[in-house]
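Here the structure comes first, spelled out in C-alpha cells, and everything after it is commentary.
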Amino acid sequence: MHKSMGIQPDRGWDYSIKEIIRKRIAVFQHLQASLSSPGTNRRPSINGYSQRHPFMGLIVLDSLQLKSLFSDQKFRSQ
Numbered sequence: 001m002h003k004s005m006g007i008q009p010d011r012g013w014d015y016s017i018k019e020i021i022r023k024r025i026a027v028f029q030h031l032q033a034s035l036s037s038p039g040t041n042r043r044p045s046i047n048g049y050s051q052r053h054p055f056m057g058l059i060v061l062d063s064l065q066l067k068s069l070f071s072d073q074k075f076r077s078q
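FYI, the numbering for the sequence shown is 1 to 78, going by the UniProt record's numbering.
Here it is, written out as C-alpha cells:
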C-alpha cells in the first residue's frame with residue numbers, strides 16, 4: 001500500500017514506538033512483581049515444577065496518554 005502511494009514508512013518511528021512500549025511493559029512488570037504477594041499468583045505445580053504466572057493486565061490509553069508516553073524523555077530510546 002505504501003509503495004503504490006509513493007510513501008515510505010518511517011522505520012525509525014516504528015522502532016521508537018516499540019522500544020517505548022517495551023520499556024513501559026518492563027516498568028509495569030517490575031512494579032507488579034514488587035507489589036504482588038508471591039503466594040497469590042502461583043499455579044499448582046506441574047511435574048513438581050511450580051509455575052508463576054503474574055497477571056499482565058490490560059493497558060488502555062487515550063490519545064492524551066499516548067502523546068504523553070511518546071514525549072516522555074525517560075522512556076525514549078537512548
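Just so it is clear, CB atoms sit at the ideal spot from N, CA and C, and this is done for glycine as well.
**Message:** Could you tell me the alpha carbon to alpha carbon distance between Phe28 and Trp13, rounded to whole angstroms?
**Reply:** In the sequence shown, counting from the first residue as 1, residue 28 sits at position 28. In the sequence shown, counting from the first residue as 1, residue 13 sits at position 13. Near 23 Å, if we compare the C-alpha coordinates of Trp13 and Phe28.
**Message:** If contacts are defined as beta-carbon pairs under 8 Å, then Ile25 and Phe70 qualify, I think. What distance do you get, rounded to the angstrom?
**Reply:** If you number the sequence shown from 1, residue 25 lands on position 25. If you number the sequence shown from 1, residue 70 lands on position 70. No, Ile25 and Phe70 are not in contact; Cβ-Cβ is about 15 Å, not under 8 Å.
**Item:** As assigned by DSSP and simplified to three states, the class of Tyr49
**Value:** Here residue 49 refers to the residue found at position 49 when the sequence shown is read from its first residue. For Tyr49, the pLDDT reaches just 45, beneath the cut-off of 50, and the residue's location in the model is therefore unreliable, although a value from the coordinates is still provided. Tyr49 falls in the strand class under three-state DSSP.
**Asked** If you draw a straight line from the C-alpha of Gln65 to the C-alpha of Asp72, how long is it?
**Response** Position 65 of the sequence shown, counted from the first residue, corresponds to residue 65. Position 72 of the sequence shown, counted from the first residue, corresponds to residue 72. Approximately 10 Å, taken between the alpha carbons.
**Prompt:** Is Val27 helix, strand or coil by DSSP?
**Reply:** Looking up residue 27 in the sequence shown gives position 27. Looking at Val27 - three-state DSSP - the assignment turns out to be helix.
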